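Working notes, beginning with the structure itself.
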Amino acid sequence: MENDENLTRPADLYLEGSDQYRGWFNSSLMTSIAMDGKTPYKAVLTHGFAVDAKGRKMSKSMGNVIAPQKVFKTLGADIIRLWVAATDYKGEISVSDEILKRISDGYRRLRNTARFLLANLNGFDPETDSIAPENMLALDRWAMAKALQIQQEIIKDYENYQFHLVYQKIHSFCTTDMSSFYLDVIKDRQYTCQTESLARRSAQTALFHIVEALVRWIAPILSFTAEDIWQQIPGKHSDSVLLETWYEGLLPIETPACQYEINADLWTKIFALREAVNQELETLRTAETIGSSLDAEVDIYCDDILFTQLDMLEDELRFIFITSYARLNPIDKKPDTANEYAGFWLQVKPSEYGKCVRCWHHREDVGSHAEHPELCGRCVENIIGEGEKRYYG
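Going by our numbering, the first residue of the sequence shown is number -11, and it counts up by one from there.
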């Protein structure tokens, strides 16, 4: 066979099933050592064999074979790719209709997260509308820093061929960090703040950077989906995401410095508070005392140190909890009915105030504006005033 100048020795990678330790891997190694005095490959990656959900080897005679062509037609080629990536190949590789269905559900969560990011970038021009990092809201800075942390971990996992860890971390980022927290919180800003306001543009800036990173994370695995996303991202881009390298626009939480910053330690405390608040809210929902979390008010009782740390957020803590009120109180004011958690006490109850028809918050000033009797003061300011000021959440 003629030499192909595009084929180099040693090969970057030998890939096959584990039976090739005594087969191709070994015979190729011995031949190369005899001829050239060196290995024919830089690395070897082996994987287990495909088995059904019961661990049985797949064979036509048993009728437990799943044809890739069938999956392509029903679920799409990217589902096959995601199943391969999500599987720890060091052992036997299980595949069944139920497993592929779970993978398909995971895929939809990734795609829906990307869809939300892109939908909320409608009308956003990264060249003219982006907010400088030092002027962004603290929560948006946190989201970018979290994406940077995930990206650094993913790059290492790709380099070590730990594709199942790549999938797990991207899936967790989309479902837990984004959908269940960050994207849920910023809906208020996206839908109620003025279009050109700092609060809204700051969130869009973070969304832009996150989707720029996310599309690159999934590109080696979900090539079709990544290309679809790539074509919808605003701004100037190359023709294909597959021509790109890792995104460099993400920044750690402390850099550059911002006047309204929340450090990592305080974010940890806020997340612990939010988890506890969510438990209390769920109790009220189960009792059918409230519907939405915005139907509730939260009173926090804590020591002087935590009180001082949280007090700088002023009225914005409620946006992170997605409640109508979130009030800080000294520990000596704690009522007997407050529930104790690690380092603080909570009292969560249904709000007694009217509901703003625009933002759905229950606020004391709803009905106090003659021209807009169904709105709260914040919404009135966002409609006819200069717009509310937000710094943290």
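Just so it is clear, CB atoms sit at the ideal spot from N, CA and C, and this is done for glycine as well. On a predicted model such as this, the values are computed, not experimentally measured, just so you know.
One Cα belongs to Lys224, the other to Val199, and the distance between them is close to 14 Å.
Its chain contains Ala207, Ser211, Ala214 and Glu215 as the residues whose beta carbon lies nearer than 8 Å to that of Leu230, once the 5 sequence neighbours on both sides are disregarded; these appear in chain order. Three or more beta-carbon pairs separated by less than 8 Å are not found between the stretch 33 to 52 and the stretch 170 to 187, which leaves the two stretches without contact. Between the stretch 250 to 262 and the stretch 315 to 322, the count of C-beta pairs closer than 8 Å stays below three; the two stretches do not touch. Tyr329 sits away from Val286, with the two beta carbons spaced by 8 Å or more.
In terms of Cβ geometry, Ile217 and Ala73 do not form a close pair [threshold 8 Å]. Annotated as distal: Tyr341 and Leu125, with beta-carbon spacing of 8 Å or more.
Cβ atoms of Leu261 and Ile288 come within 8 Å of each other, at about 7 Å. Relative to the Cα of Pro338, the nearest Cα in the group Pro323, Cys367 and Ser280 belongs to Ser280. DSSP places Phe332 in the uninterrupted beta strand (DSSP E) bounded by Phe332 to Pro338. The C-alpha of Leu3 is placed about 13 Å away from the C-alpha of Pro28. In the DSSP assignment, Leu33 falls within the unbroken beta strand (DSSP E) covering Val32 to His35. Our two residues, Arg129 and Ile142, have alpha carbons roughly 20 Å apart in a direct line. Under a 10 Å Cβ-count criterion, Met166 is classified as buried, with 16 or more other Cβ atoms of the shown protein chains found around its own Cβ. Per the C-alpha coordinates, the member of Ala191, Lys26, Leu363 and Thr34 positioned closest to Ala107 is Ala191.
For Ile310, the CB contacts under 6 Å within the same chain, skipping 5 residues up- and downstream, are Ser281 in chain order. Our two residues, Ile174 and Pro244, have alpha carbons roughly 22 Å apart in a direct line. Here Ala31 is exposed: its Cβ has fewer than 16 other Cβ atoms, across all protein chains shown, within 10 Å. Proximity to Gly5 across Tyr146, Ala358 and Tyr77 peaks at Tyr77, based on C-alpha coordinates.
Here the C-alpha atom of Ile87 lies approximately 37 Å from the C-alpha atom of Ile278. Cβ-Cβ distances below 8 Å link Glu369 to Gly375 and Glu376 in the same chain, with the five nearest sequence neighbours on each side left out; the list follows chain order. The beta carbon of Tyr235 sits closer than 6 Å to those of Glu200, Ala201 and Arg204, all from its chain and outside the five residues before and after it, given in chain order. Using a 10 angstroms sphere on the CB of Gly51, the tally of other CB atoms stays under 16, which defines it as exposed. Of the other Cβ atoms in all chains shown, fewer than 16 fall within 10 Å of the Cβ of Pro323; this residue is therefore exposed. Between Val336 and Glu362, the C-beta spacing is not below 8 Å. Judged by beta-carbon spacing, Ser92 lies beyond the 8 Å limit of Leu136, meaning their Cβ atoms are not closer than that value.
Between Leu70 and Leu195, the CB-CB gap reaches or exceeds 8 Å. DSSP places Pro114 outside any beta strand (DSSP E); the residue lies instead in the alpha helix (DSSP H), whose first and last residues are Pro114 to Asp117. Here Glu276 has no same chain residue with a Cβ atom under 7 Å from its own Cβ, once five neighbours each way along the sequence are excluded. In terms of Cα proximity to Tyr170, the closest of Phe60, Gly111, Gln140 and Leu127 is Leu127. For secondary structure counted as the alpha helix (DSSP H) over 4 or more consecutive residues, the stretch -9 to 66 holds these complete runs in sequence order: 12 to 24 and 56 to 62. Sixteen is the threshold: when 16 or more other Cβ atoms of the shown chains lie within 10 Å of the Cβ of Arg351, as they do, the residue is buried. Going by beta carbons, Leu98 and Ile138 fall outside the 8 Å limit. Between Leu239 and Met132 the beta-carbon gap is near 6 Å, inside 8 Å, which marks them as a contact.
Taking the CA atoms as reference points, Asp353 sits about 9 Å from Arg366. Taking Gln220 as reference, the option from Asp7, Phe112 and Thr75 with the minimal CA-CA separation is Phe112.
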